[in-house]
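Protein chains in written order, with the numbering used here: chain H, 1 to 361; chain R, 1001 to 1361; chain X, 2001 to 2361.
Below is one structure, written out as structure tokens, with a few remarks after it.
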Amino acid sequence: MAFVKDGWYCAGWTAELKDKPSSIVICGEEIVLYRDTAGKPIAMENRCPHRFAPLSMGQVVGDRIQCPYHGLEFNSRGECAFNPHGRQTIPSRAPQKTYVLEERNGVIWIWMGDSAKADPSKILALDYLDDDRYAIVRGHFKVKANYKLLNDNLLDLTHAAYIHPTTVGTSTDAGIRVKYSVRTEGNRILSQRLISEVRPTAQFLGLFKEPTGDFYSHLTWTAPSSMFLDLSMVPHGTPKRSVKEPDVDCVLIPGAHLIVPETEHTTHYFFAVSRSADIHNQEKTQAMIALSHKAFMEEDAPIIEECYRLMEGKEFLELKPAILESDRGSVLARRIVSRLLAAESPDAGTEARLGDGVIAE
Amino acid sequence: MAFVKDGWYCAGWTAELKDKPSSIVICGEEIVLYRDTAGKPIAMENRCPHRFAPLSMGQVVGDRIQCPYHGLEFNSRGECAFNPHGRQTIPSRAPQKTYVLEERNGVIWIWMGDSAKADPSKILALDYLDDDRYAIVRGHFKVKANYKLLNDNLLDLTHAAYIHPTTVGTSTDAGIRVKYSVRTEGNRILSQRLISEVRPTAQFLGLFKEPTGDFYSHLTWTAPSSMFLDLSMVPHGTPKRSVKEPDVDCVLIPGAHLIVPETEHTTHYFFAVSRSADIHNQEKTQAMIALSHKAFMEEDAPIIEECYRLMEGKEFLELKPAILESDRGSVLARRIVSRLLAAESPDAGTEARLGDGVIAE
Amino acid sequence: MAFVKDGWYCAGWTAELKDKPSSIVICGEEIVLYRDTAGKPIAMENRCPHRFAPLSMGQVVGDRIQCPYHGLEFNSRGECAFNPHGRQTIPSRAPQKTYVLEERNGVIWIWMGDSAKADPSKILALDYLDDDRYAIVRGHFKVKANYKLLNDNLLDLTHAAYIHPTTVGTSTDAGIRVKYSVRTEGNRILSQRLISEVRPTAQFLGLFKEPTGDFYSHLTWTAPSSMFLDLSMVPHGTPKRSVKEPDVDCVLIPGAHLIVPETEHTTHYFFAVSRSADIHNQEKTQAMIALSHKAFMEEDAPIIEECYRLMEGKEFLELKPAILESDRGSVLARRIVSRLLAAESPDAGTEARLGDGVIAE
């Protein structure tokens, strides 16, 4: 298993972690999440060191989490702070592993690696999630595939015309005019696409009033696997509108697509899609939910899971994939992940030269 | 995994491959099947070389198959013939593996090995499937067991009295008179059984009018695992009737039993059972379907799957099976398969001397 | 896999083995059980030596078990005694492995190891199961965890206050007074607990009439994994009542908890719980059944299975568990099992020094 540990991952939505503990597996590590009496989120190794019960099945007792099996209690530093039995001797043992958390934009971000390296300024900005000019829908799916296949999927939107013709994809008509550029900025990838004079896709929910317009797709991918997908329709010839400046003549539907490796073979997909128009219309909100479910769970996931199954446990490079120009974004992302992996563990990171000869940096 | 690759296998029924592509796994290989504009069936490696999506989830576009994920198109030689993206550069990469197919008697036969060795004259003749004097029912089951256990099952019909007493088996009464012979002819086995003056089994559907008769079971097994089972009831003392000469005094129920290894641990069972009498009676046809399902899926498959589970992944020979005289057919078939395996790969084929001392060639 | 083979395990309840054969897996061995014409239970290797079908799917024919597939018959010594086919030659092959059985107290006990060492005097006495002053409920659950985790669970009843507060557990109130002792006697462990002046738990079904009383829990654990749990409530200050002397002022609810390794990863849990009061009340009996199901299947099993999953296939010791004083019973049991394993196979038995420094013998 090769995961980038020194990176920020979504561990859940703020609104969903309340008074009960919850559990999540990230990069193969079993984690319990709970809030202390001040509401601060805490994350630690989920497995109790006594008989290995999951702390997440226990209760929050003040600032501590209590094991469901025999009642040992652990504080926010992961130390056993109470043993209710006999002479109440605290067992001598290293504390549970704890994790650095950062809560912002309604996302609980977790740093899986060395705490000393955790730098919150590297977290992907998702300020629109706190902006009440947007109607927002959040969700969490799981996919039976390695997380890199989800990076590939989102970084190459050419698939939309084939997989998503009635949801988030534009037509494959020959007449379509596309401008497309991809560049890297450190450990980020900026992929920008403009399709001119095109009919709005179904995900615009009929909110863009003209029959055609200019469709901007600006994707910011941040290593290891968080994406901000800034989609908008504007009247033909009008400049792209910033997500900070929604207005009536355009429709903005920015989205967060947060890919989180659960295990080598399974992946969390946290998403938050939104819209700048008709934001109090509950029917439109229901349609956004239905469309997200359909586009991902009925259209993307079955294909991605089949791809992963057909890879038969082999490494991507080992299968000598055909590389197309349209793979530029996903190839560059794989190279960045590869370099990060190699920095953490010299044996990993084999994809640093993927697509050489086809894709230049 | 050890499969005989240089052999013809059933890849499906002609009637079931129409305008949509389909997929099948044979000998562990993932295959897409589709028809070109002329109706000719085409088979190739199912996994797209780009991102490894299954071509079978895509569409047929003229003579090509289009990948469902990003729209690459492949021609009947397995070559990528169209890339819809950017400058439309065709990726340089070896073509998909393709397979030799031969369509006859309503069966799509596939040659899994070296194309140069594919000899259609070796295909098992099943002419009754094109003969309108028979009512025919076709089906396809799957079993969780190695394919050799299905060869064993069909090559030793003594199990019928125990597993199938109310469907395809005769009674185990002591008074029963059986003549039985098994011989090999090259890579074929001819197993012939005559049970005299016996009541017709349920599979004769009440069509044989006398209370008892002579029951002929002539089995032709063709390596690796295709069988023609020529069953008939004739009035006592009458010679066996050829499948080419059905007549009113006898009832012929010839059947094809085409065993196809899917993986080492799972097997396709394609069957086509038929009858020479009352062929337009839909109730009888429904009864044939129900009886095939019961005999195989409720009677054979549960036992065969348990046998395979109890073998715990071990080789048949390694378990030192007790060999009976009645195993003659299945032992000879295992020896032939063993020789064919050894011819393809010197490390395989360990059962060439199975049953030595009990079963002579 | 490491199982204590030289030990008595429950192979089933007397009342449930009737005229049909049954199967069970114990210590990873597939076993068929049936009764001969005299009603004597017989146990042998379930896998037929011919084509490996499970004999348990066959029929009992007189004193023999008949294979469901081709009709070979095996006698109580595991010998093939009849081959119905051809010249009826008996195949020369070692007989099926057979097992020593001992039926008492309504339990079919099986000895998994060397027959010469089988000593019925070592079987755990459960005489209350034959005593008509008790109402008895028997059951059989399966758990996805190694059997040692069930030993641990029952030998450390401190978990009851956390997992079972509304079924079999007492309150965790600080004011509670507990006397607790654990000692070994050869390969037995006697764990005795007295909780004074406590409210009866739900499992006493409202039968103990006073608001509080003295609650005795006397557990006898017999290697490898059979337990007699002698629970009773008596008026405060009254001595513990023997299971042989139930009386109206006390309520006795003795129980058998017979833990049987199925495989390394799965365990049978046979239990028989009873009560000495209001024994003809069917509603109380139904409540006992419901409470056993809830306490084990809804409360214990989910935690135990999660513990085992979180151990990720590692050995208990390898995970360096925190050992508490309250682990005394389970640690001593693991040491005994460890010594028995080492006696049978020098490579096994690594837990002989578990808890050194915390738990003295």
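Even glycine gets a Cβ: it sits at the ideal position worked out from N, Cα and C.
CB of residue i within 8 Å of CB of residue j, strictly
i       : j       : result
H/A295  : H/V168  : yes
R/I1323 : X/P2091 : yes
X/P2246 : X/L2252 : yes
H/V137  : H/T170  : no
H/Y128  : H/S274  : yes
X/Y2134 : X/S2276 : yes
H/V4    : H/L340  : yes
R/V1234 : R/D1214 : yes
H/I24   : H/G12   : yes
H/S330  : H/N75   : no
X/L2332 : X/H2257 : no
R/M1044 : R/Y1009 : no
H/F271  : H/S292  : yes
R/R1093 : R/H1070 : no
X/L2310 : H/R47   : yes
H/C27   : H/M112  : yes
Buried/exposed call for residue i, threshold 16 Cβ in 10 Å
i       : result
H/S242  : exposed
H/H280  : exposed
R/A1223 : buried
R/T1158 : buried
R/I1289 : exposed
X/E2361 : exposed
H/R177  : exposed
X/Q2203 : buried
X/E2298 : exposed
H/S115  : exposed
R/T1267 : buried
Assigned secondary structure, residue i (DSSP; H/G/I helix, E/B strand, else coil)
i       : result
R/S1365 : The requested residue 1365 of chain R does not occur in the structure, where chain R is confined to residues 1001 to 1361.
X/K2142 : strand
R/A1322 : coil
H/S276  : coil
R/A1259 : One detail in the question is off: residue 1259 of chain R reads as Ile in this sequence, not Ala. Of the three classes helix, strand and coil, the one that applies to R/I1259 here is strand, per DSSP.
H/Q66   : strand
X/A2043 : strand
R/S1345 : coil
H/E298  : helix
H/G329  : helix
X/P2246 : coil
R/V1137 : strand
X/E2210 : coil
R/R1035 : strand
H/H265  : coil
R/L1155 : helix
H/E305  : helix
R/T1350 : coil
R/L1149 : helix
DSSP bridge partner residues for residue i (one or two, in chain order)
i       : result
H/T184  : H/I189
R/C1010 : R/W1109
H/F215  : H/I195 and H/M233
H/Q59   : H/Q66
H/R93   : Its beta-bridge partners do not exist; DSSP assigns none.
X/C2080 : X/F2074
X/P2054 : X/R2047
R/Y1099 : R/A1043
Worksheet item: the segment 2147 to 2162 of chain X: which residues have C-beta closer than 9 Å to a C-beta of chain H, in chain order?
Response: L2149, D2152, N2153, D2156, T2158, H2159, A2161 and Y2162
Worksheet item: Given a limit of 7 Å on CB to CB distance, which residues of the segment 2047 to 2060 of chain X reach chain R?
Response: R2047, P2049, H2050, R2051, F2052, A2053, P2054 and M2057
Item to complete: Using a Cβ-Cβ cut-off of less than 7 Å, list which residues of the segment 1298 to 1314 of chain R approach chain X; keep chain order.
Response: I1303, E1306, C1307, L1310 and M1311
Worksheet item: Using a beta-carbon distance cut-off of less than 7 Å, what residues from the segment 255 to 268 of chain H approach chain X?
Response: none
Worksheet item: Which residues, in order along the segment 2337 to 2352 of chain X, keep a beta-carbon less than 9 Å from a beta-carbon of chain H?
Response: none
Discussion item. So if I threshold CB-CB distances at 7 Å, which residues from the segment 163 to 195 of chain H count as touching chain X?
Written reply: none
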